[in-house]
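Undergrad: Chains as they are written, first to last, in my numbering: chain P, 1 to 302; chain Z, 1001 to 1839; chain D, 2001 to 2172. Below is one structure. I have some questions about it.
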Amino acid sequence: MKPPKFTYHAPRTVEEALQLLAEHSTDAKILAGGQSLLPVMAMRLAAPAHLIDINRLEELSGVEVDEDGVTVQALARHAHVEAHEGVRRRVPILAEALRWVAHPAIRNRGTTVGSLTHADPSAEMPAMLALLGGSVVARSTEGERVLPAEEFFVGPMESALRYDELALAARFPAPPTRSGACFDEIARRHGDYAMCGTGTMVTLNDAGRVESLTMSFVSVGDVPEVYDLSPLVAGAAADEVDLTAVGERAAEMIDPPADLHATADFRRHLATVLARRTTRTALGRARRAASGAQELRDEEQV
Amino acid sequence: MTTRSMGEPVKRVEDPRLVTGKGRYVDDIGDARTLHAAFVRSPHARALIRDIDPFEAYEVEGVVGVFTWDDLEGALAEPLPVLIPHPDLTHARTGYPLAKDRVNHVGEPVAMVVATDRYVAEDAAGLVRVDYDVLEPVVGIEKSAAATLLVHDDVPGNVAAVSTQSYGDAAAAVAAAPHRLTFEWDIERSACMPMEGKGVHAKWDSDEERLTLWTSTQTSTGVRGAVSAKLGLELTQVDVITPDVGGGFGVKIVHPWPEELMVPWAAIRLNRPVKWTEDRREHFVSSAHERAQLLTVGVGFDDDGKVLGLEVDILHDHGAYIPYGLIVPINSSTQLLGPYHPGAYRVTFTSLYTNTVIVTPYRGAGRPQGVYAMERTMDRIAQYLGKDRMAVREANFIQPDEFPVDFGLMFQDGRPLRYDSGNYPEMAEKLKSLIDWDDFEQTRASAAAEGRKLGIGVGFYVEGTGPGPYEGGHVQVLTSGKVKVSTGLTSQGQGHQTAFAQVVADELGVPFEDVVVTTGDTRRFGYSVGTFASRGAVMSGNAVALAARKVRERALAVASDALEVDVEDLELVDGKVRVKGDPSSEIPLGTVAVLSNPLRYAFDEASKAATQFAGTTDFSKPPVEPGGKPGLDDSDYYSPAYSTFAAGAHAAIVETDPETAEIKILKYAVVHDCGKIINPRIVEGQIHGGVAQGVAGALYEIMAYDEAGQLTNASFMDFLMPYASEVPHGIEIDHLETPSTLNPLGVKGAGEAGVIPTSAVIASAIEDAERMPIVRMPISPSELFDLRRRPREVEPLVNTMPGGAVATWIDPRSVADATSQNPTTTDVPANSRAKKESE
Amino acid sequence: MSEQTAEVRLRVNGIPYLREIPVRRTLCDVLRMDLELTGTHVGCEHGVCGACTILLDGEPVRSCLLLGVTVDGHDITTVEGLTEDDGRLSPVQQAFVDCHGLQCGFCTPGFLTTISSFIEENPEPTEEEAREAVSGNLCRCTGYQNIVASVLRAAEIARERSSETTEEVSTR
């Protein structure tokens, strides 16, 4: 299981990398973390003629946190993002979901942006980008563009990146105030791809009632979608939300596939269970966030 | 006083080397001159080969040769051997080292490429053009048994063998019994999956005309025999050295693998060392699998649950070829008996060919399937009668005073099935205590109050271990006082170098640290069978003990001459011979070694004492007595008339999640009898490892073949071997020792114990939790979810635990019907073996 | 296409190496073939089994999922580098010997590097944390019970040794 031959490039600047992409485009693949690419090359299921290794682009390894969210650059490793104090504070669900990505040794090398461009429907990061309403910054020699999540994932293992584009960074907006989010998944073994995973975001209004409830799933469709269950629960008090109804509604909205590890029905069932569980936890977190925000406002008024 | 070593949890001598990265596995061997092989393997499950064109492969820089069957001559061009012939194996078919004109499973080797490194070899292998006529394959037991399509044109019905083991008239006994039940049991394929795959490194010395072969094998002498026969060499021209081996579990007992022949053949032809290291993908599709069987049971029993008659029909999936013969289903059909002695017994198995990877032993080797059938049947009998599952088993146990028990059946060693010793009632008592069997209802009730669903299961087994024909040991005391021991069988992590040193240290009276053991090297010991069937400690442990006893006898004789004292007055303690009760008289064993070899020439200080003028000679006797020999070393062999029978019992408490159907093992208990124990730490390690594979086989591992014969989960991503998170968090172990009556050390085998009853135990526990029949294993949460949703036409199964609700009798037909699992959804995977609705 | 090569500088177990290697050669193959450090083993070549785990700049990674050329200029620790300079076994190595944490030894190097890094960050792990820490490496022989015990024992030995050093320092 040795990789086939390729021409190797190790650009020292982003510009160089973009030039190479422009030149070799469909014959080239970017090597960042390599945790998804190398197994596929070892099995000789992919044989890119050119490999552009961006691991020397130190300037792309940052994680920037501001009031509005988190920007994860191309070379930021999952482990770095997950452990980042700012990420845990501003977008805690991102850190929570990252803990489910494979195993620590994989997270030490794999990149969050890389996982997004890989666009595997069984991966956690695409679902997070969708749920948080994030976007990917793509650059080529022609210029730069920002692709929101709903445009970024085109099909299973297929992103909207053009062959000459490099994904420079991913933006994960922070949830609004008075929000709580929760990610959970059920896999066959510790660290495996999920049979089903669910990310849920709840936002309360200033009266403590549900304003919005959105959900995104892992391993349930070809591309991550955001399901809006707000109409079902809008206006309910946080502790009065009918979780059973939420679970049933979620099940109705999705059309999961079958595979070796789970039938479609079982996936749907797990989605129901996870929808309930993550909504319960997200509601609790939203309430804490809301009372925290209330305290802050009270302090400010004093 | 020598510290006694046998029975002590001595730390392993293998470890310091292995933990510092100084292990030497087959891929670690080689240098810049070594060439590397890669194989072109069939992508089709069944096809005719029209043409093989290596032209493009030869264009790759670094390629030295591309070979096909057309290049083979003589014995090498003939089919691979049937290692274990059997009169019932009427239609044995094996493959060729490289496919001749057809292929019968995905992964079958078709061509070999030899190149300067493995990367280049794989490049070239990808460029070999093979022209196939693809044929429809036969996949799965049902399709094979239906036989509308044949795997081998000259094997009618796809049947390699039909074989029956029986005593008494089972059919009559079942018919006449007060109660009768019938069910089907279903086990899926899994595989050994050692962390290191196969590998061969061959070196041909054209001057000496000697072949040296390093191979990751369980039998160095087996490989030597096969390689020399196939390559037209004398046995004495071939040395086979087993390096460190990264696990075997049975798959490496098969020999010769095609690669074990092709690699040395290439080394001779090219006059360069050649190496092949199997990668994980290859291991999935070209090594071996095991476990798949469909078992139909008919049982007749009385009001106590005592089995009066038992009839079992087994359909066994043997894969495309049958190089290892019928060992696996023979084990199923004999070890099915377990600790019981039914009134009358008949087990018939049909060995079927399919266009899939070959089936050869995997730890347990057919016993898990047999035990599954028997133990689940015991559960059903208990259900039917409303009795405690333990009580039904206890009513059926062979009692301690009945040993030895002769069954009138033929075991896998070609000898009568004869249990030597055991104490099953005591095993049951210990197990009940370990798992808190009698108090379980309370545990279940408290969990239920929290909304949790618990179940308890149990399984007993008997395992024939230490089959012959023999093993040998050689023990040599060096003039330094160090003791060198060698035995022919091989090691894959069982700690042989430690355990056998413990045995010899005690027999010889030398410090454990002074004993060094070599295994699996034909240069050091040439007569051996191999490591399989939990025979290492039994066979080689005893062989080295016997050899050590001969050396001890000789040492005392030599010392008695030197000290001019009777042998009876001497003792051997801490590596020194001395007169009993007189420490000042001692001679170090190393000196005795010097004296044992009368010399003309002294080459160092120590040897001076043995020269002819040294003054300790009895002139009436020749220096070497007739029939004697110089030196302080000797060999001996251990060859038993029968296998020795170990036994054990496992129990498990599982929790099933009412929502997600996830299955968790809360507690796992093992009571284990392997006779006398050499190293309890090593034995416990074997149990831990076996239980992990057992849990894997119960809850995680299958070989997912599709209808085209493609293995769809041929990677570690989808073949679910457990991590530490998936095995029980701790295993309670208790031991029982009923020494073997068949060997001087009283030991029985321990290697496979952990894996044999596990599927039965976990199925039993899930059934107890769910109140619903579990027939097929392994079971996943998705499958449990499906079962839960099936319409329940039948009464839920009864709880017969002590302290549980009063049991009610249920209609036997409803139990039998409940065991057919009719699919209600269309997205059941293609490898499913659900019974048809019409039944 | 001919085989493209590149020069790499690697610091492995504290020793600097300069080699010209094929660009497609994985790091585990570079260690084994070019540097003859065969302690790191190849179990699956798709990143799941963990036998190939080494420390890259101190962090555990799968060397089968890294190209040698990518880590040019970096620090690597393999199982051979865990043994202390005077030949004493490191706490993790000693723990495995004490607890019968290995049988065939093939998966062991990957566990040793993983656990060495883990106990540095977690000097007093609970049993649950210890089990979680090793739940990304496959072992087929031991069934993991003694490996979990080895993690706890390794932490214990590390604490013992560091307090010995403290004592030595304070008695000087």
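In this text, a Cβ means the ideal position worked out from N, Cα and C, and glycines have one as well. Here the structure is a predicted model, which is why all the values come from computation and not from measurement.
So, with DSSP's three-state summary, where would you put Thr2038/D?
TA: Thr2038/D: coil per DSSP, three-state reduction.
Undergrad: Name the residue from Met1195/Z, Arg1180/Z, Tyr1132/Z, Val1299/Z whose alpha carbon lies nearest to the alpha carbon of Gly2143/D.
TA: It is Met1195/Z whose Cα lies nearest to the Cα of Gly2143/D.
Undergrad: Can you check DSSP and say which residues form a bridge with Lys1667/Z?
TA: According to DSSP, which records beta bridges pairwise, Lys1667/Z is partnered with Ile1653/Z.
Undergrad: Would you call the stretch 1662–1669 of chain Z and the stretch 1629–1641 of chain Z touching, i.e. three or more CB-CB distances under 8 Å?
TA: They do not touch, by the three-pair rule.
Undergrad: Mind checking if Ala262/P is an interface residue toward chain Z, Cβ cutoff 7 Å exclusive?
TA: Yes - at least one Cβ of chain Z is within 7 Å of the one on Ala262/P.
Undergrad: What residue range does the alpha helix (DSSP H) around Thr1377/Z cover?
TA: Unbroken alpha helix (DSSP H) run through Thr1377/Z: 1367–1385.
Undergrad: Using the Cα positions of Ala237/P and Val210/P, report the straight-line distance between them to the nearest angstrom.
TA: Whole-angstrom Cα-Cα distance: 6 Å.
Undergrad: Could you work out which residues of chain D lie near Pro39/P, taking near to mean beta carbons separated by less than 8 Å?
TA: Per Cβ cutoff of 8 Å: Glu2045, His2046, Gly2047, Leu2065.
Undergrad: So, is Asn1423/Z buried or exposed, given that buried needs 16 or more other C-beta atoms within 10 angstroms?
TA: Under this definition Asn1423/Z is a buried residue.
Undergrad: Taking the alpha-carbon of Gln1492/Z as reference, which of Pro1342/Z, Ile1682/Z, Asn1799/Z, Gly1697/Z has the nearest alpha-carbon?
TA: The option with the nearest alpha carbon to Gln1492/Z is Ile1682/Z.
Undergrad: Measuring only the C-alpha atoms, how far is Val65/P from Glu2129/D?
TA: Distance between the alpha carbons of Val65/P and Glu2129/D: 30 Å.
Undergrad: Please compile the residues from chain Z whose C-beta is within a distance smaller than 9 Å of the C-beta of Asn2146/D.
TA: Those within 9 Å of Asn2146/D in chain Z are Arg1681, Glu1684, Gly1685, His1688.
Undergrad: Rounded to whole angstroms, what's the CA-CA distance from Tyr1638/Z to Gly1536/Z? Just pull it up for me.
TA: Spanning the two alpha carbons is a distance of roughly 11 Å.
Undergrad: Excluding the 5 residues preceding and the 5 following Phe2106/D in the sequence, name in chain order all residues of the same chain whose CB lies nearer than 6 Å to its CB.
TA: Hits under 6 Å: His2041.
Undergrad: Is it a yes or a no for the stretch 2061–2072 of chain D touching the stretch 100–115 of chain P, going by three-plus beta-carbon pairs under 8 Å?
TA: Yes, the stretch 2061–2072 of chain D touches the stretch 100–115 of chain P.
Undergrad: Residue range of the alpha helix (DSSP H) that Val2097/D falls in?
TA: That run of the alpha helix (DSSP H) goes 2091–2099.
Undergrad: Give a yes or no on whether 7 Å exceeds the smallest Cβ distance from Thr1020/Z to chain D.
TA: Chain D, which has a Cβ nearer than 7 Å to the Cβ of Thr1020/Z, makes this yes.
Undergrad: Nearer than 6 Å: is that true of the beta carbon of Ala2006/D relative to any heavy atom of the ligand ATP?
TA: The ligand ATP is not part of the structure shown, which contains no ligands of any sort.
Undergrad: Helix, strand or coil, according to DSSP, for Ile1766/Z in the structure here?
TA: Helix, per DSSP.
Undergrad: Assign Asp68/P to buried or exposed, taking buried as 16 or more other Cβ atoms, counted over all protein chains shown, within 10 Å of its Cβ.
TA: Result: exposed.
Undergrad: Taking the alpha-carbon positions, what's the Leu1508/Z to Leu1572/Z distance?
TA: Taking the straight line from one Cα to the other gives about 7 Å.
Undergrad: Is it true that the CB of Ala1045/Z sits closer than 7 Å to the CB of His1105/Z?
TA: Against a cut-off of 7 Å, the Cβ pair of Ala1045/Z and His1105/Z comes out as a contact.
Undergrad: If you compare alpha carbons, which of Leu1181/Z, Thr1148/Z, Val1503/Z, Glu1008/Z is closest to Gly1298/Z?
TA: Checked all of Leu1181/Z, Thr1148/Z, Val1503/Z, Glu1008/Z; the closest Cα to Gly1298/Z is Leu1181/Z.
Undergrad: Who are the near neighbours of Gly1746/Z in its chain, counting only those whose CB is closer than 6 Å to its CB and skipping five residues on each side?
TA: Same-chain partners within the cutoff: Gly1675, Lys1676, Pro1739, Ser1740.
Undergrad: Roughly how many angstroms separate the alpha carbons of Val2092/D and Ala290/P, rounded to a whole number?
TA: Approximately 47 Å between the Cα atoms of the pair.
Undergrad: Out of Gln2004/D, Ala2051/D, Val2071/D, point me to the one whose CA is closest to Leu2010/D's CA.
TA: Nearest of Gln2004/D, Ala2051/D, Val2071/D to Leu2010/D, Cα basis: Val2071/D.
Undergrad: With a floor of 4 residues, list each alpha helix (DSSP H) that falls wholly inside the stretch 1159–1237 of chain Z, ordered by position along the chain.
TA: Those alpha helix (DSSP H) runs which fall completely within the stretch 1159–1237 of chain Z and span 4+ residues are 1170–1176, 1220–1231.
Undergrad: Would you mind working out which of Glu1564/Z, Met1427/Z, Asp1521/Z sits nearest Gly1338/Z, comparing C-alpha positions?
TA: When only C-alpha atoms are compared, the closest one is Met1427/Z.
Undergrad: Quick check: the Cα distance between Phe1407/Z and Arg1418/Z, rounded to an integer number of angstroms?
TA: If you take the alpha carbons of Phe1407/Z and Arg1418/Z, they lie about 6 Å apart.
Undergrad: In angstroms with no decimal places, state the Cα-to-Cα distance between Gly1464/Z and Gly1095/Z.
TA: Approximately 30 Å, taken between the alpha carbons.
Undergrad: Within 7 Å (strictly less), CB to CB, does Ala1704/Z reach chain P?
TA: It does; some Cβ of chain P falls within 7 Å.
Undergrad: Keeping to the same chain, check which residues put their C-beta closer than 7 Å to that of Ala1559/Z; ignore five residues upstream and five downstream.
TA: For Ala1559/Z, where only same-chain residues beyond five positions count, the Cβ hits under 7 Å are Leu1570, Val1577, Ile1587, Val1592.
Undergrad: Does the count of Cβ pairs from the stretch 1280–1291 of chain Z and the stretch 1701–1717 of chain Z closer than 8 Å reach three?
TA: Segments in contact, yes.
Undergrad: Quick one: which residues of the stretch 2097–2122 of chain D get their C-beta closer than 8 Å to a C-beta of chain B? List them in chain order.
TA: Reference to chain B is not applicable here, since the protein chains of this structure are P, Z and D.
Undergrad: Closer than 6 Å by C-beta to Gly2073/D: which residues in its own chain qualify, once you throw out the five before and the five after it? Chain order, please.
TA: Excluding sequence neighbours, Gly2073/D sits near Arg2009.
Undergrad: On the three-state DSSP scale, how would you describe Cys2104/D?
TA: Cys2104/D falls in the coil class under three-state DSSP.
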